[in-house]
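S.K.: Those protein sequences? They're chains A and B, same order as listed.
Numbering (this note's numbering) for the first sequence: 1 to 292.
Numbering (this note's numbering) for the second sequence: 293 to 584.
All C-beta atoms, glycine included, are put in the ideal place defined by N, C-alpha and C.
One structure coming up, written as structure tokens, with questions to follow.
Number of protein chains: 2
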Amino acid sequence: MNLIDGKATAAAIKAEIKAEVEDIVSKGGKRPHLAAVLVGHDGGSETYVKNKVLACEACGFRSTLLRYEDDITEEALLDVVRQLNEDDDIDGFIVQLPLPHHISEQKVTEAIDYRKDVDGFHPVNVGRMAIGLPCFISATPLGILTLLQRYNIPTSGKKVAVLGRSNIVGKPMAQLMMQKQYGDSTVTVLHSHSANLKEECAQADIVIAAIGRPAFVTADMVKEGAVVIDVGTTRVPDATRKNGFRLQGDVDFDAVAPKCSYITPVPGGVGPMTICMLMLNTLAAGKKQIYS
Amino acid sequence: MNLIDGKATAAAIKAEIKAEVEDIVSKGGKRPHLAAVLVGHDGGSETYVKNKVLACEACGFRSTLLRYEDDITEEALLDVVRQLNEDDDIDGFIVQLPLPHHISEQKVTEAIDYRKDVDGFHPVNVGRMAIGLPCFISATPLGILTLLQRYNIPTSGKKVAVLGRSNIVGKPMAQLMMQKQYGDSTVTVLHSHSANLKEECAQADIVIAAIGRPAFVTADMVKEGAVVIDVGTTRVPDATRKNGFRLQGDVDFDAVAPKCSYITPVPGGVGPMTICMLMLNTLAAGKKQIYS
Numbered sequence: 001m002n003l004i005d006g007k008a009t010a011a012a013i014k015a016e017i018k019a020e021v022e023d024i025v026s027k028g029g030k031r032p033h034l035a036a037v038l039v040g041h042d043g044g045s046e047t048y049v050k051n052k053v054l055a056c057e058a059c060g061f062r063s064t065l066l067r068y069e070d071d072i073t074e075e076a077l078l079d080v081v082r083q084l085n086e087d088d089d090i091d092g093f094i095v096q097l098p099l100p101h102h103i104s105e106q107k108v109t110e111a112i113d114y115r116k117d118v119d120g121f122h123p124v125n126v127g128r129m130a131i132g133l134p135c136f137i138s139a140t141p142l143g144i145l146t147l148l149q150r151y152n153i154p155t156s157g158k159k160v161a162v163l164g165r166s167n168i169v170g171k172p173m174a175q176l177m178m179q180k181q182y183g184d185s186t187v188t189v190l191h192s193h194s195a196n197l198k199e200e201c202a203q204a205d206i207v208i209a210a211i212g213r214p215a216f217v218t219a220d221m222v223k224e225g226a227v228v229i230d231v232g233t234t235r236v237p238d239a240t241r242k243n244g245f246r247l248q249g250d251v252d253f254d255a256v257a258p259k260c261s262y263i264t265p266v267p268g269g270v271g272p273m274t275i276c277m278l279m280l281n282t283l284a285a286g287k288k289q290i291y292s
Numbered sequence: 293m294n295l296i297d298g299k300a301t302a303a304a305i306k307a308e309i310k311a312e313v314e315d316i317v318s319k320g321g322k323r324p325h326l327a328a329v330l331v332g333h334d335g336g337s338e339t340y341v342k343n344k345v346l347a348c349e350a351c352g353f354r355s356t357l358l359r360y361e362d363d364i365t366e367e368a369l370l371d372v373v374r375q376l377n378e379d380d381d382i383d384g385f386i387v388q389l390p391l392p393h394h395i396s397e398q399k400v401t402e403a404i405d406y407r408k409d410v411d412g413f414h415p416v417n418v419g420r421m422a423i424g425l426p427c428f429i430s431a432t433p434l435g436i437l438t439l440l441q442r443y444n445i446p447t448s449g450k451k452v453a454v455l456g457r458s459n460i461v462g463k464p465m466a467q468l469m470m471q472k473q474y475g476d477s478t479v480t481v482l483h484s485h486s487a488n489l490k491e492e493c494a495q496a497d498i499v500i501a502a503i504g505r506p507a508f509v510t511a512d513m514v515k516e517g518a519v520v521i522d523v524g525t526t527r528v529p530d531a532t533r534k535n536g537f538r539l540q541g542d543v544d545f546d547a548v549a550p551k552c553s554y555i556t557p558v559p560g561g562v563g564p565m566t567i568c569m570l571m572l573n574t575l576a577a578g579k580k581q582i583y584s
């Protein structure tokens, strides 16, 4: 069994990004600049945004954090988005989700100029990914694809079981893995209504678990030698921890790991790759690599 | 074995559309207006466009056919698209593909206002479909979904094998069938690089063959009682026919049909539904049902 070290891979990629940025800047080019919009004081969102700002520093990017109270109106937030769209100094930006209930996340997402949409959530980027055109690919699926590539795990023709069909992981992951230019795999998407979920999963060469149910994938659902990627991060109570909880993945790691050829841990697997891929998208935005 | 009659279903839907259009017009509403742009004199394209114009008549729509020689420049064609985008009288329009090699089909497709893109090929519509938002769904996948619905074929939780991963059939079909609000199925996408294509196919409750290889799906690839949808339409030489060819589907119909609970014939299955769904999209465009 080989552990896929997302933390080390992310660190290596961030170092590569930083080297490229310094090279660009030394040649008179522009330092990539990411803006993040944070509404309210949700604990999780605070942490994510803080980590994104820190990742920008690690990569040699400029970053700007725009904070608003959770009583900001939808129209005012849309104005912020429009200003960021028009600001030539901002290469890419994100609006941290979730937003307060009185604001339509979809409306805000669609208001972002797709050429600055480094989260890859705008329908134009989602659609271009589906068709196989250059685009910003959302961070979690791109991070998983990158881990598979960096660990030289063969995917072409392999059976991939994607557990979960969310818009931010399951569906884009399936689309990437089935495309010739990315995974070139035989993809099956499994979900809560799937009749033979366990049997399908047990046939897969690669299992990507993004179903949001702690320790859902048990040893009987994984075949000998499979590759298991765990996207789950549920907080479960743990009295032995200082903060009172630990992160539990969608995979029953201790039971499943011995059967695997490769497996990602939680934490330290897919998680660290996500912010790293946002940085890669920001670098691409700064270089106008995808859209001119 | 039950034959799925696409021709009769399409005729019924067109009659429903016509009734709705006459109702709209009788109440002072606008008659839906579809424009079709045809470049050059490709025989297949001529036939398709002619049939689209005839379908408009059957549905009570106005239609406008814009013809250009195949030496039209890309810029001139893009100008045509822009004029159609701005013409308030045109509710939806299509640019018949393929286009001559000197014109980028992607550039033309992206130039179409997505709110008039009744073919559903614009990245905004492709992306919105992937996320599960209201959009124009492209005609062939929508036609297949409609056939399954009209024949009351259960899809929720069923295993669906989609053969082929093209942008116009395989990929959108997979996306529709996996979504809770449409097929809610367990979808596996099979293609030329799939290691266990035959075995996967033989496990499926519903087989959707869109691989473009005549009679590719043989009896051993289909389980007893399966539903088989044949999207293939390859012209194969046939000396017994007046025009020297017949249309052959992706399914070896005579051998497969006895095993099926339902099967579509070729011709007369999926084919007639495709233009019919274009009409349904045009009606939706006329009613501003999806985009205001």
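(1) Between SER430 of chain B and ASN417 of chain B, is the Cβ-Cβ spacing less than 9 Å?
(2) Taking CB distances under 9 Å as the criterion, tell me whether HIS483 of chain B reaches chain A.
(3) Report the partner residues of PRO529 of chain B according to the DSSP bridge assignment.
(4) Determine the extent of the alpha helix (DSSP H) in which SER318 of chain B is found, giving its start and end residues.
(5) Hey, MET565 of chain B and GLY435 of chain B are a contact pair by Cβ (cut 8 Å); roughly how many whole angstroms apart?
(6) For ARG457 of chain B, return the contacting residues in chain A, with the cut-off set at a CB-CB distance below 8 Å.
(7) May I ask which residues mark the beginning and end of the beta strand (DSSP E) holding SER63 of chain A?
(8) Tell me which residue opens and which closes the beta strand (DSSP E) that GLY384 of chain B is part of.
(9) Nearest chain B C-beta to THR186 of chain A closer than 9 Å, yes or no?
(10) Taking Cβ positions, are VAL313 of chain B and LEU539 of chain B nearer each other than 9 Å?
(11) Going by DSSP in three states, LYS30 of chain A sits in which element: helix, strand or coil?
(12) Note the first and the last residue of the continuous alpha helix (DSSP H) segment covering LYS107 of chain A.
(13) Please name the residue or residues paired with ILE500 of chain B in a DSSP beta bridge.
(14) I need the straight-line Cα distance from GLN471 of chain B to VAL461 of chain B, nearest angstrom please.
(15) Strictly under 9 Å for the Cβ-Cβ distance: is SER243 of chain B near chain A by that measure?
(16) Might you give, ordered along the chain, the residues of its own chain that have their beta carbon closer than 8 Å to the beta carbon of PHE245 of chain A, omitting 5 neighbours on each side?
(17) So, under 8 Å CB-CB, GLN96 of chain A and SER45 of chain A are touching, yes? Tell me the CB distance rounded to an integer number of Å.
(18) Residue range of the alpha helix (DSSP H) that THR188 of chain A falls in?
(19) Please report the residue range of the alpha helix (DSSP H) in which GLN83 of chain A lies.
(20) Given a threshold of 16 other Cβ atoms within 10 Å of its Cβ, counted over all protein chains shown, does THR73 of chain A qualify as buried or as exposed?
(21) Nearest-angstrom Cα distance between ASP71 of chain A and GLY40 of chain A?
(22) Three or more C-beta pairs closer than 8 Å, one from the region 370-383 of chain B and one from the region 400-408 of chain B: is that the case here?
(23) Find the residues of chain B that neighbour SER194 of chain A, judging by a C-beta separation of less than 7 Å, and give them in chain order.
(24) Whose Cβ in chain B lies nearer than 9 Å to the Cβ of ALA130 of chain A?
(25) Sort out for me which residues DSSP pairs ALA327 of chain B with in a bridge.
(26) Using the three-state DSSP reduction, which class does TYR340 of chain B fall into: helix, strand or coil?
(27) Is the Cβ-Cβ distance between ILE275 of chain A and LYS52 of chain A less than 9 Å?
(28) Using a Cβ-Cβ distance cut-off of 9 Å, determine whether GLN289 of chain A contacts chain B.
(29) Along chain B, in chain order, which residues have C-beta atoms closer than 7 Å to that of GLU200 of chain A?
(30) State yes or no: is the beta carbon of GLN149 of chain A nearer than 9 Å to at least one beta carbon in chain B?
(31) Where does the unbroken alpha helix (DSSP H) through ARG128 of chain A begin, and where does it stop?
(32) Taking only three categories from DSSP, how would you classify VAL345 of chain B?
(33) Of the choices B:LEU369, B:ILE386, B:HIS393, B:LEU439, whose alpha-carbon is the least far from that of PRO557 of chain B?
(34) Please report how far the alpha carbon of ASP91 of chain A lies from the alpha carbon of ALA36 of chain A, in whole angstroms.
(35) Round the Cβ separation of LYS551 of chain B and ALA518 of chain B to the nearest angstrom and send it over; I've been treating them as touching at under 8 Å.
(36) Is there a Cβ of chain A sitting closer than 9 Å to that of LEU629 of chain B, yes or no?
M.R.: On the basis of the supplied data:
(1) Taking 9 Å as the Cβ cut-off, SER430 of chain B and ASN417 of chain B qualify as a contacting pair.
(2) Nearest CB-CB separation between HIS483 of chain B and chain A: below the 9 Å threshold.
(3) Its beta-bridge partners are B:PHE537.
(4) Unbroken alpha helix (DSSP H) run through SER318 of chain B: 298-318.
(5) Contact between MET565 of chain B and GLY435 of chain B holds, with the beta-carbon distance rounding to 3 Å and staying under 8 Å.
(6) Here the neighbours are MET178, GLN179, LYS180.
(7) That run of the beta strand (DSSP E) goes 62-68.
(8) Boundaries of the beta strand (DSSP E) harbouring GLY384 of chain B: 384-387, taken from the DSSP string.
(9) Closer than 9 Å: yes.
(10) The answer is no: Cβ separation not under 9 Å.
(11) DSSP places LYS30 of chain A in the coil class of the three-state scheme, outside both helix and strand.
(12) 105-111 is the extent of the alpha helix (DSSP H) around LYS107 of chain A.
(13) In the DSSP output, where bridge partners are listed per residue, ILE500 of chain B has B:VAL454, B:ILE521.
(14) If you take the alpha carbons of GLN471 of chain B and VAL461 of chain B, they lie about 16 Å apart.
(15) Outside the displayed span of chain B (293 to 584) sits residue 243 of chain B, for which this structure offers no information.
(16) The beta carbon of PHE245 of chain A lies closer than 8 Å to those of ARG235, VAL236, PRO237, ASP238 in the same chain, with the five residues before and after it left out.
(17) With a contact defined as Cβ atoms closer than 8 Å, GLN96 of chain A and SER45 of chain A qualify at about 5 Å.
(18) In the DSSP assignment, THR188 of chain A falls outside any alpha helix (DSSP H) and within the unbroken beta strand (DSSP E) covering 186-190.
(19) It spans 74-86 - the alpha helix (DSSP H) in which GLN83 of chain A sits, taken as one unbroken run.
(20) Flag for THR73 of chain A reads exposed.
(21) ASP71 of chain A and GLY40 of chain A have their alpha carbons spaced roughly 8 Å apart.
(22) Remark: three or more beta-carbon pairs, one from each stretch, lie closer than 8 Å, so the region 370-383 of chain B and the region 400-408 of chain B are flagged as touching.
(23) Per Cβ cutoff of 7 Å: GLY449, THR478.
(24) Neighbours of ALA130 of chain A across chain B, judged by C-beta separation under 9 Å: PRO415, VAL418, GLY419, MET421, ALA422, ASN459, LYS463, PRO464, GLN467.
(25) B:THR356, B:PHE385, per the DSSP bridge assignment.
(26) When secondary structure is reduced to three states using DSSP, TYR340 of chain B falls in the helix class.
(27) Contact: yes.
(28) Not one chain B Cβ lies under 9 Å of GLN289 of chain A.
(29) What GLU200 of chain A touches in chain B: THR478.
(30) Closer than 9 Å: no.
(31) Segment 123-131, the alpha helix (DSSP H) holding ARG128 of chain A.
(32) Note: VAL345 of chain B maps to helix in three-state DSSP.
(33) Checking every option, the nearest Cα to that of PRO557 of chain B belongs to B:LEU439.
(34) Distance between the alpha carbons of ASP91 of chain A and ALA36 of chain A: 11 Å.
(35) Taking C-beta atoms under 8 Å as the contact rule, LYS551 of chain B and ALA518 of chain B qualify, at a distance of about 7 Å.
(36) Here chain B covers residues 293 to 584 and nothing more, so residue 629 of chain B does not appear.
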